Every structure is written in C-alpha cells, then in structure tokens.
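*Asks:* The structure that follows is given in the form of structure tokens.
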C-alpha cells in the first residue's frame, strides 16, 4: 500500500474515531439514564474495540494500550459480570474522556496525555470486586503491524529436509470453505512433493454419504522446510482433519504415533501416486476438481456472477437495530468533502449573489417595465440565487451535538472540582449551525457552562436544605428560531443574588451607590468588563475570563446574549446566533455620501432625530433623550472622519445595543434599505480596522463597509478608515 | 481478472485498510458495514472470498457466516475472520459457524494477501 493511501486512511481513521466517540457517549448517556440494553453495552464495547483495532494498524501504542484496558473492563460489563451502576458509568464517562484525549494526542502526534491510570485502576478495581471476575480472556499484542500473534511457536529446529505428511480431511474442512487440493498445492510450493492419494476400497457413491470425505493423502515433502512452515499451511484446518507430520526417517519405520497413518495404511486402501503437476492443475480454479465433496461449481467460479437461482435460504431477518448509531444506509448516503472545496463554493455563491444584485440594478436603471419577460426572469433568477445560497450554506452546517458532548465533559470535570453533583441534559443536539460558528462557540460556551457549575448550581447540602434534589441539572438546548439559532444554558440553581451583584458593582465603581436599576439591568451587570462575583478565585473561573469576554465572543459571531434569573429557581442564558457567517442581515445607510451597512442584529430601533432630543454633556459629548432614557449619541460621519461637523437639518438615528449591555445612538443621513449582504473580510488586506467588522459589495458594484457599532463607539474618533480607498 | 472479495467490517478504517491492501495486488474489493449489509450485497454476487469482522451491529460475524453457509451457492466460498480477538474459543465459534480461517488485527498487509491467496488458490 502506498504511503499516500496510508496517510489517507490514517486521516479517515481519526474521523471515524470522532464518530465512534459520539456513539460511545450516546450509549453511555443511555446507560446513565438507566435505559441501557445489551445492545447499548455492545455499542460502547464496539466503539472502543474499533478504535483499538484501527490504532493498532497505525502503531499508536499508547492509544491501543489504553483502549485495550478499557475494553477488557467493558467486556466484563458485556458479559454481565459487572453492573452499570451510576458509579461505574461515571468512571466509564471519565475513561471515555481520557480515551478521547489519547485519540487527539495520537492525531496531533503529541506526547501521550496523562495515562488515566487512576481511572483505569478504579475500573479494574470494579472488575476485581465483581464476584465471578475471570482473568482477562482477550489477548492482544499492541505492537504495530504484526500477523497473528497466536501462531504457535514451533520449537522444532529447521534442517530436516524430508517430511512425511499424512492428511485426511473431515467433513468440517470442506464445510468451512477450506479446500484440500489448495493445501496440497501450497505444500507443493514449499518443495518437492510426492503425493499418494489413499482411496477407500469402495468409494461410497450413495448420495446420503456424499458429503463425507473419503480421500486421504500421504505427502513426502523434500526441501529446506521446517515443521512450522508445514503447520502454517494447515493452520486453518488442524481441527477439521487428521494430520500427522513427521520427519521422513521416523515415518519410514512405521512407528507413527497416531491413528492417521494406521488408518491410511489399511490393507484395503488403494494408494494412487499423484504427480505434483496434477495437484497444481487440479487445484486450479479453471478446472474444478471432481474429488472435492461439498464444493459446487459455483463456489469456484472466478468472478462475481448472478446467482443461478434466487435462494430462499438467504438472509435471516435482520435484528432490530437497537443501537443509537446511524443506520448504515444513512451513512452510505453521505460523502466526505474537503472543507476547502465547500468554502470555495460558498465564495462563488457569494459572488453570484453580488452579480445578481448588480444585474438587477442595471436592469432597473435601464428603465425596464414591470411584468416584462426580462423582469420576470430576473425575479426567478433572484429566488433561485437565494435557494442556491441557502443550499450551499447548508453544506457547512453541522449538528451541535459534538459541541454539546464536549460540554458534558466540562460539567463532569467542573462539578468534580467543586464537589457538586451536576448533570447536563441536552436538547435539540441535532440542530445544525455553520461549522465556523460551532468552532468559535466552543470557548464562550465552555466558560458559561463552567460558570453555571461554579456559580449557578448550589452545593448538595444547600440544595437539600432548599428542598431540591442533591443533583443539580444544567440544560443545554439548541433550536432554530426565526432564521437564527437559539442556544440556551439553563440551570436549576439558586438564581442570581442581585443584592450581592449590586454591592459588587458599587464596590468596583461600575455603578453609583444610589443607582436605580431594574432586575434585568442588575443581571446584565454580570457582562461588564472586570466583573466577577467569585469572592475567591476558584480553580474553574479563575482564568481571568469574565462574562464580558464571553459576550464579546458571541457578539463577534453576530450573536446576542441575554440573561434571565429567578431566585431559588435558576438562571438562564440565551444566545441567539446567525445561521452562517457568510451572509449578514444588514441595514444599508448613507452618511456623508458614503454607503455603510449596520448589522441588523445590533439594531434596537430607528427614529427621526429632532434637535430637541439632543442634550449636551460636558464640552463635546452629546446624549440622545429618547423615551426617558439618555443614550450616548455619535455622529457616524464625524466618527468615521467623513466630515468635521454634522450638517444641519433633520437626521435619522439608529439605536444599537452595545456589548456592555448599554445602548448607543448613531446619527446617519438616511436609511436606504434592509438587505442580506455577503460578508467579505478586510483583515487580510487591511488588518483590523477599528469600528469596521468587514465589507460587502452592493448591487451597484460599490464596496460598503459593515460597521461594528460597539467597537465604533468605543474606539477613539480618529480611525484608520482614511486608509481605505472607498469606491463610494 | 482479479479476485473478487467481499470485506465486511463496521470500522471504516478497517474496511479501507483491507480494500487498499487487496486492491494493491489487483483484487476487486466490495465492502459492507455489517452482516446484514453483507448479506444484501451477496444477493446478486458470488465473491471468490469473504473477509468478515466478528463484532458488528445488527448481525455479527458469527451470524453472518452461518447465514452465508446456509446459502447453497455460497457454502464453499472461503470466509476469513478478521478480528482483534484471537482466543481459541473464539476461533472454535467461528469454525462452528463455518469460517475457513482467521487473521488477527492489526494485520500485516502481505500476510493478508498471502492468506487470501492461500484459501482461494
């Protein structure tokens, strides 16, 4: 096999490992819920077994070693000698996590992770505690590529050059698909052979006994051949034939020990000497031997061919698939495609969308009348383009399940660390989201889950005192809501201690001591930079990452995060995300003859700006007075350096939500339209531009910047935007 | 014309290894994901040899081999068991079911080819 092929299989193996880990986790979750069947245990066993098998082929010794020990314990579970108690399942979960670490280490060719010796020991301890535990029945040599470590090690030294082999097949030899003549042929390949066929005095031609083999052979083999060489040829048939192998000298004196020789040497038997050539010829597929009982012609046909007649004895009814693993049929209906190819397609479709918009604009500008063939065709083209775009985006979509499964591990590890009992429940894990969104959601989600374990769920004692079960539940759910993905992290903990949050915010100078805040506003203080309610830095949350970073990460994905909490009942974080990062719903606005796009996700409302609503604070700052609230006011034109001062006259303001939970009002000249735009990154060419998230190409072919309102109002007025040659 | 081989294994990695190994010496390999799938593929074909895993969902290797041997035209097709477990009782069970021989995973590619050639002649 070529190196390329091996590299490809190796990559494919790691993909398969991820799939196997997924079925493994699913099955463990079923066992954990107490709903396990024999098949559930089998799924777990098979997953570990397959990982071990593949790892062995690539010489991944550390992975093989770990999988092998885990498999040994699972075998006890499978045999019913070990009960899937909650404690045992918890250990299996931990072992599965470590198995996953081993897979990742093997994949990245890093040093093996901590062996997980303690977990394995604990599991093996369960095994020993089990009443009828037996010594390990599986033997496996985890040493790279090797063939059949079970081949008997023959001690007879080579050197004897002449052997006498007495061989008489039983019916089982033919029934198991073995073929005596192939064995004779293989012997002939070892050296010079003289073969004598022993035929019973009266060949039984009775159909009733036709399946009983009647022939035997005595073969004299000469050559540089060891007994092991000969035994290897008979390896598959030792249990289904009479066989005696002895040095020719011993055989010659007639003292062969077993009954084979005696039976064959029956005075009635008629020996036929066969020339080696005839054996080779007879064993040839093109010339089926008439002497092999039980072998139909069909069995030796050299190529696949339709069956002579449909056989009713064919398949037994397939067992009901109890496994949570996908049906093989479903698996067969998928293909694996290089991500680069998909991204190329996504880009091309983006170009197509832009092209279509430009064409539409040109046609409109040409003064084409409604209901003409061109306009109708254009309409259809638009719809088709949108469908193609949706379809291509779907290719990049993946279920959130693997992400959620990683969170299960976070919960297990985090709860152990703080001596709490927490179970993660997941809902809607088949919900599909863009691959990149999923990847970039991993860190914020991890932090939020840790946060829920650390701050949300109470200690078992406190929960029991509050009349709750000792075990807390964190529910992680995903669903599609109005063209977006909604991810919720809900715990049944104590809820946010608002008095304490307020005190901390005051102590940190985040709010005034006498600030009047609604409950929601208090809750949102959690997202302020630098806010941390942990009175002492715990092992979990003390990583210098606050909820503000979580919020920033989600905002960067075009997402929003909201919080809701009820004392004593729990806290819920809701994350709303776009389905894809390739297109964005935006509001196209004009500012000082420039066209800009404001992401719709950050817009709260739009309003007409009246001079009466503007309040001046200090020397240059302005705020907008809107429905009793004061919101910082920014003139986009001045902010972006398009103009010095605001032009006179009524303007439009766009109210946006900010990362810090507050709001900002942006003054624009006019709102053009609301539309979906294709996101084109700028950072590759310009680096990070303050206040600008990306760019897009509009229907008129002009480039428009997509703004990042939070960043824009945070950064200094002097921006790098002048550096960008705008077509507008 | 190369030999036609049916390889039945629930592990994609193993299927790929067997397929590429045997294809490299000119054999044509058809793959199935479990015993039921294997039997489906056998409905219209007659391979020169079958290579089967033991541990598989839906229908395991023992059941698969028994079912194959129950089909008249397939009763003499060599069936090699490919498994990581090499315990004697497992061999005995495979033999009872009708297995021709066995290969232990991880396998040496040359040995796999050699063994397939041995049982197919």
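Residue numbers (my numbering), protein chains in the order written: chain Y, 16 to 743; chain E, 81 to 201.
Even for Gly, the Cβ is constructed at its ideal location relative to N, Cα and C.
In this text the structure is predicted, and so the values were computed from the model without any measurement.
#1: Going along chain Y, which residues have a C-beta under 7 Å from residue 132 of chain E?
#2: Can you list, in chain order, the residues of its chain whose CB lies under 8 Å from that of residue 332 of chain Y, leaving out five sequence neighbours each side?
#3: Buried or exposed: which applies to residue 534 of chain Y, given that a residue is buried once 16 or more other Cβ atoms fall within 10 Å of its Cβ?
#4: Counting contacts by CB-CB distance shorter than 8 Å, is residue 72 of chain Y in contact with chain E?
#5: Taking 7 Å as the cut-off, is the beta-carbon of residue 181 of chain E closer than that to any non-hydrogen atom of the ligand MN?
#6: Between the region 21–44 of chain Y and chain E, which residues of the former have a C-beta closer than 7 Å to a C-beta of the latter?
#7: Considering only residues of the same chain and omitting the five flanking positions on each side of residue 35 of chain Y, which have a CB-CB separation below 6 Å?
#8: Can you find a CB in chain Y that lies within less than 8 Å of the CB of residue 173 of chain E?
#9: What whole-angstrom Cβ distance do residue 657 of chain Y and residue 682 of chain Y have, given they're in contact under 8 Å?
#10: Leaving out five residues on either side along the sequence, give the residues of the same chain with a beta carbon under 8 Å from the beta carbon of residue 615 of chain Y.
#11: At least one CB of chain Y closer than 8 Å to the CB of residue 201 of chain E: is that the case?
#12: My assumption, with CB atoms under 8 Å, is that residue 624 of chain Y sits in contact with residue 678 of chain Y. Please give the rounded CB distance.
#13: Any contact between the region 176–190 of chain E and the region 108–127 of chain E? By contact I mean 3 or more CB pairs, one from each, below 8 Å.
#14: Say whether the region 43–63 of chain Y touches the region 94–108 of chain Y, bearing in mind that this needs 3 or more beta-carbon pairs closer than 8 Å, one atom from each stretch.
#15: Pick out the complete beta strand (DSSP E) segments inside the region 408–468 of chain Y, 3 residues or longer, and give them in chain order.
#16: Which residue wins for smallest C-alpha separation from residue 118 of chain Y, given the options Y:179, Y:33 and Y:41?
#17: Is it the case that the region 387–405 of chain Y contacts the region 347–358 of chain Y, given that we only count it when at least three CB pairs across the two stretches are under 8 Å?
#18: Skipping 5 residues on each side, what residues in its chain have a beta carbon closer than 6 Å to that of residue 441 of chain Y?
#19: Please list the partners that residue 94 of chain E has in chain Y, where partner means a Cβ-to-Cβ separation under 8 Å.
#20: Could you name the residues of chain Y that residue 97 of chain E contacts, counting a contact when the two beta carbons are closer than 7 Å?
#21: In terms of DSSP beta bridges, what is residue 536 of chain Y paired with?
#22: At a CB distance below 9 Å, what residues from the region 184–198 of chain Y approach chain E? Give them in sequence order.
#23: By the 10 Å Cβ neighbour count, where 16 or more other Cβ atoms means buried, how is residue 635 of chain Y classified, buried or exposed?
#24: Taking CB distances under 8 Å as the criterion, tell me whether residue 353 of chain Y reaches chain E.
#25: For residue 87 of chain E and chain Y, any beta-carbon pair shorter than 8 Å?
#26: Thinking C-alpha only, which one of Y:120, Y:410 and Y:391 is nearest residue 349 of chain Y?
#27: For residue 141 of chain E, which residues in chain Y fall below 8 Å Cβ to Cβ?
#28: Among Y:726, Y:607 and Y:465, which residue has its Cα nearest to the Cα of residue 562 of chain Y?
#29: Against residue 181 of chain E, what residues of chain Y qualify as contacts under a CB-to-CB distance less than 9 Å, listed in chain order?
#30: Suppose contacts are defined by Cβ-Cβ distances below 8 Å. Is residue 685 of chain Y in contact with residue 565 of chain Y by that definition?
#31: What is the residue span of the beta strand (DSSP E) that residue 81 of chain Y lies within?
#32: Can a CB atom of chain E be found closer than 8 Å to the CB of residue 201 of chain Y?
#33: Please report how far the alpha carbon of residue 453 of chain Y lies from the alpha carbon of residue 472 of chain Y, in whole angstroms.
#34: Taking only the alpha-carbon atoms, compute the straight-line gap between residue 413 of chain Y and residue 89 of chain E and give it to the nearest angstrom.
#35: Determine the direct distance from the alpha carbon of residue 78 of chain Y to that of residue 82 of chain E, and round the result to whole angstroms.
#36: Please report how far the alpha carbon of residue 84 of chain E lies from the alpha carbon of residue 129 of chain E, in whole angstroms.
*Replies:* This is what the structure gives:
#1: Per Cβ cutoff of 7 Å: no residues; residue 132 of chain E is ~12 Å from chain Y at best.
#2: Note that residue 332 of chain Y scores a pLDDT of 44, beneath 50, so its modelled location is shaky and nothing firm can be said.
#3: When all chains shown are included, residue 534 of chain Y counts as exposed.
#4: yes
#5: Here there are no bound small molecules, and the ligand MN is not part of this structure.
#6: 24, 27, 28 and 31
#7: 62, 65 and 66
#8: no
#9: Between residue 682 of chain Y and residue 657 of chain Y the Cβ distance is about 12 Å, and since that is not below 8 Å, they are no contact.
#10: In the same chain as residue 615 of chain Y, and ignoring 5 residues on each side of it, the C-beta atoms closer than 8 Å to its own belong to 599, 600, 601, 602 and 689, in chain order.
#11: yes
#12: Residue 624 of chain Y to residue 678 of chain Y, Cβ: 15 Å. No contact.
#13: no
#14: yes
#15: DSSP runs (the beta strand (DSSP E)) wholly in the region 408–468 of chain Y: 412–414, 437–442 and 447–449.
#16: Y:33
#17: no
#18: 419 and 491
#19: 65, 68, 69 and 72
#20: 24 and 72
#21: Answer is none; residue 536 of chain Y lacks a bridge partner.
#22: 187, 189, 190, 191, 192, 193, 194, 196, 197 and 198
#23: exposed
#24: no
#25: Among the CB atoms of chain Y, none fall inside 8 Å of the CB of residue 87 of chain E.
#26: Y:410
#27: Simply none; closest approach about 12 Å.
#28: Y:465
#29: 191, 192, 193, 250, 251 and 252
#30: In this structure, residue 685 of chain Y keeps its C-beta atom at 8 Å or more from the C-beta atom of residue 565 of chain Y.
#31: Here residue 81 of chain Y belongs to no beta strand (DSSP E); instead the alpha helix (DSSP H) covers 76–93.
#32: yes
#33: 26 Å
#34: 26 Å
#35: 36 Å
#36: 7 Å
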